[in-house]
Structure formats: structure tokens, C-alpha cells
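Since the structure comes first, as C-alpha cells, the remarks are kept for the end.
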Amino acid sequence: MNKIVNKKKIMLPATAVMLLALGMAGCSNDTDNTDNPDNTSALSGTINEAGSTTVQPLAEKLAAAFKVLYPNVNVVIGGGGSSVGVKSVTEGTVDIGAASRDLKDTETGLTKHLLAKDGIAIVVHPDNTAVNNLTIDQVRDIFAGVITNWSQVGGPDKTIHVMAREEGSGTRTAFEELVMGADVRIVANAVLQNSNGALKTAISGDKDAIGFISFGYIDSNVKALSINGIAATSENGKNGTYPIIRPLYFLTKGTPSELVQAFLDYCMSDAVQQIITEEGYLSVN
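Quick note, the sequence shown lines up with residues 2 to 286 if you use the numbering used here.
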């Protein structure tokens with residue numbers, strides 16, 4: 002059995018809130034910690050994290066912010082995908098795993114710490130100006146190979162180039178569960194990429210491509226399509242109208258050390274949840 006932890010009201014020291022409010026940019030103020038029982042010198046050591054490439058850029062920012070508050074702590078962030086995160090924390094090779102999907106029935110003995118939620122955007126090349134919206138059914142049919150030409154969904158007479166994440170990716174698993182369903186598979190000739198960033202780069206170089214990436218990776222290099230008439234925005238993800246949303250977890254096994262627990266508490270705090278929102282993810286607070 003897996004446990005779920007979602008701490009919504011954890012107060013940070015005043016210094017932490019101040020540093021976070023300043024965006025962590027060049028913060029080196031000589032803040033007085035004499036009234037703060039959690040003095041920054043109290044924590045030291047190394048935390049190792051690995052897993053979801055969706056969580057990775059967010060985890061790197063949180064690790065850097067934590068380092069500002071606790072200079073003697075190193076949080077080492079790795080990727081590899083959600084399955085790597087689950088396997089690594091289960092085997093004890095990392096302190097924290099990261100997953101951008103729910104755990105499978107066979108993945109037991111772990112505690113899930115809900116860090117954020119994330120939308121999965123269906124993205125195309127920016128020059129694909131004819132197609133701006135797809136229904137969930139159209140998305141499913143495109144990735145299943147039923148719809149194979151852009152003209153079938155209002156675009157030009159061009160073959161659709163399907164791109165997807167590799168097997169074991171949390172983003173792919175969530176996409177399959179939320180869009181494809183249990184009995185429909187992604188077409189066998191889909192071009193596979195091993196990270197959100199790699200998939201975004203591939204789509205940005207192919208005007209006939211379509212793929213799916215985390216909200217946190219959306220930028221001007223790709224165009225996110227509306228789904229069922231709902232734009233792929235953080236606001237629509239937060240209010241529940243955008244249909245392709247999945248959880249982002251930190252995972253631990255057993256009782257976390259004092260150092261690991263301090264980092265987890267920090268990541269679940271209200272001030273850090275504000276950073277999560279600013280980075281394009283969906284706050285759970």
C-alpha cells in the first residue's frame with residue numbers, strides 16, 4: 002500500500018518567504034536569523050533525487066532555492082523518467098523519487114508527496130496555423146493512427162507525423178490513461194523521444210508533427226492546441242476545465258531523514274507553491 006501526503010499549510014521562516022518573494026535572484030542579504038529556531042546552519046548533507054523529466058526542471062529550481070536558505074545542503078537532481086524514479090527510490094539508490102503519474106498497483110511501499118499538478122499539452126509546430134483546436138476523440142484517433150492527414154481535422158493536405166514519449170515515461174503513461182484509454186495504443190510508427198525537452202525540440206523542427214508535453218515546457222517553439230475548445234493554460238488547468246491533468250509526486254520509502262523531511266516540508270509550503278504556479282505548473286494549495 003502507498004501513502005499520500007499533501008501538506009497544505011506549512012509555515013516557512015520569515016527569511017524563506019522574503020527570499021522566495023524576491024525570486025531567488027541574487028539573494029545575499031545579511032538577514033538576521035537570531036530569532037529563527039530553524040537556523041540555516043542547522044541542516045547539512047546531500048539529498049539525491051531522480052525521476053520524472055516533467056518534475057526535473059521544477060525540482061532543480063526548488064533545490065537551488067533551498068540551497069540559498071541552507072548553504073550546507075546539496076540537493077542533487079536527476080532525470081530518467083518516472084519509472085526510473087520509482088525504481089531508484091524503491092531500491093534505495095536515491096532519497097527521493099519523482100513521478101508524473103500515479104503509481105501502479107505493483108509499485109508498493111512508497112509514500113506519495115503531492116508536489117503539484119500538471120497539464121499535458123497537445124502541441125504542433127507554430128507554423129501550423131490552420132489547426133488550433135482538437136477534440137479528445139480527434140487526439141486519440143491521431144495518436145492511434147486512425148486520422149493520418151491534417152486535412153481530416155481542418156488542416157492542409159499533409160501527412161501527420163506523430164511524436165510521443167518512450168515507454169516508461171510518466172507523461173506517456175498519463176497521456177495513455179487520460180486520452181487513449183485502456184484498449185487503444187499509440188501508433189507503432191510514432192517517433193519516440195526520451196524527454197519533454199527532446200520532444201519539444203523535435204516538434205519545433207517538423208511543421209507536420211504533433212506530440213504531447215508538460216505545460217511547464219510550453220514556449221514559443223511550439224503551439225499548444227485547445228482541447229474540446231479549452232485553451233491549454235495554467236488557469237484552465239487549475240479551474241478544472243482543461244481535460245488532460247495529472248499529478249506530480251515526490252516519492253519516499255520508509256521514514257525520511259530529518260534532512261529529507263525538511264526539504265519535503267519546504268517544497269509543500271505555501272511560498273514554494275507560488276513558485277510552482279509561476280513556473281507554469283498547477284499549485285495544490
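Glycine is no exception: its CB is placed at the ideal position from the N, C-alpha and C atoms.
Note that the structure is predicted; figures quoted are calculated from it, not measured.
Exercise for review: Look at the alpha carbon of S258 and the alpha carbon of K113, and state the distance between them as a whole number of angstroms.
Suggested key: Residue 258 sits at position 257 when you count from the first residue of the sequence shown. Residue 113 sits at position 112 when you count from the first residue of the sequence shown. Rounded to whole angstroms, S258 to K113 spans 16 Å at the Cα level.
Review point. Does the distance from the C-beta atom of V285 to that of L115 stay below 7 Å?
Key: Numbered from 1 along the sequence shown, position 284 holds the residue referred to as residue 285. Numbered from 1 along the sequence shown, position 114 holds the residue referred to as residue 115. It is a contact, given that the beta carbons lie within the stated cut-off.
Check your understanding: Across which residues does DSSP place G46 in a beta bridge pair?
Key -> The count along the sequence shown starts at 1 and reaches residue 46 at position 45. The partner list for G46 (beta bridge, DSSP) reads V74.
Point to revise | Residues near S227 in its chain [Cβ-Cβ closer than 8 Å; skip 5 each side] | key: Residue mapping note: residue 227 aligns to position 226 of the sequence shown, counting from 1. Here the set comprises N133, N134, L135, A233.
Review point. Quick one: what's got a C-beta closer than 8 Å to D158's C-beta in the same chain, skipping five residues either side?
Key: Stepping through the sequence shown from its first residue, residue 158 is reached at position 157. Hits under 8 Å: N150, W151, S152.
Point to revise | Three-pair Cβ contact test at 8 Å for the region 70 to 78 versus the region 214 to 222 | key: no
Exercise for review: Thinking L249 and V85 are a contact (beta carbons under 8 Å), I'd like their distance in whole angstroms, please.
Suggested key: Taking the first residue of the sequence shown as position 1, residue 249 is located at position 248. Taking the first residue of the sequence shown as position 1, residue 85 is located at position 84. Distance from L249 to V85 at the Cβ level is roughly 15 Å; contact not present, criterion being Cβ atoms closer than 8 Å.
Review point. Under 7 Å between the Cβ atoms of T172 and S101?
Key: Reading the sequence shown from its first residue, position 171 is the one you call residue 172. Reading the sequence shown from its first residue, position 100 is the one you call residue 101. In contact: T172 and S101 (Cβ atoms closer than 7 Å).
Review point. Straight-line CA distance for H126 to M164?
Key: Along the sequence shown, read from residue 1 onward, the residue named residue 126 stands at position 125. Along the sequence shown, read from residue 1 onward, the residue named residue 164 stands at position 163. When rounded, the distance between both Cα atoms is 12 Å.
Review point. When you compare only the Cα positions, how much space is there between A199 and I277?
Key: Here residue 199 refers to the residue found at position 198 when the sequence shown is read from its first residue. Here residue 277 refers to the residue found at position 276 when the sequence shown is read from its first residue. Those two C-alpha atoms are separated by around 22 Å.
Check your understanding: Relative to the C-alpha of V240, which residue among K118, C268, V192 is closest?
Key -> For the purposes of this step, residue 240 is identified with residue 239 of the sequence shown, where counting begins at 1. Checking the displayed sequence, the identity of residue 240 turns out to be Asn instead of Val. Answer by Cα proximity: K118.
Practice item. Kindly provide the ranges of any alpha helix (DSSP H) runs that are 4 or more residues long and lie completely inside the region 161 to 234, ordered along the chain. Key: Complete alpha helix (DSSP H) runs here, min 4: 171 to 176, 197 to 205.
**Study point:** Spatial distance of N129 from G98 (CA atoms)
**Key:** Here residue 129 refers to the residue found at position 128 when the sequence shown is read from its first residue. Here residue 98 refers to the residue found at position 97 when the sequence shown is read from its first residue. Approximately 37 Å between the Cα atoms of the pair.
**Study point:** Coarse secondary structure for L249, derived from DSSP in three states
**Key:** As a position in the sequence shown, residue 249 is number 248, starting the count at 1. In the structure shown, L249 sits in a strand (DSSP, three-state: E or B).
Exercise for review: May I ask you to report which of helix, strand or coil DSSP gives N237?
Suggested key: Translated into the one-based positions of the sequence shown, residue 237 becomes position 236. Of the three classes helix, strand and coil, the one that applies to N237 here is helix, per DSSP.
Review point. What residue ranges within the region 60 to 143 form continuous beta strand (DSSP E) runs of no fewer than 3 residues, ordered along the chain?
Key: 74 to 81, 97 to 100, 112 to 125
Review point. Can the beta-carbon of V87 be found closer than 7 Å to that of A51?
Key: For the purposes of this step, residue 87 is identified with residue 86 of the sequence shown, where counting begins at 1. For the purposes of this step, residue 51 is identified with residue 50 of the sequence shown, where counting begins at 1. Going by C-beta atoms, V87 is not nearer than 7 Å to A51.
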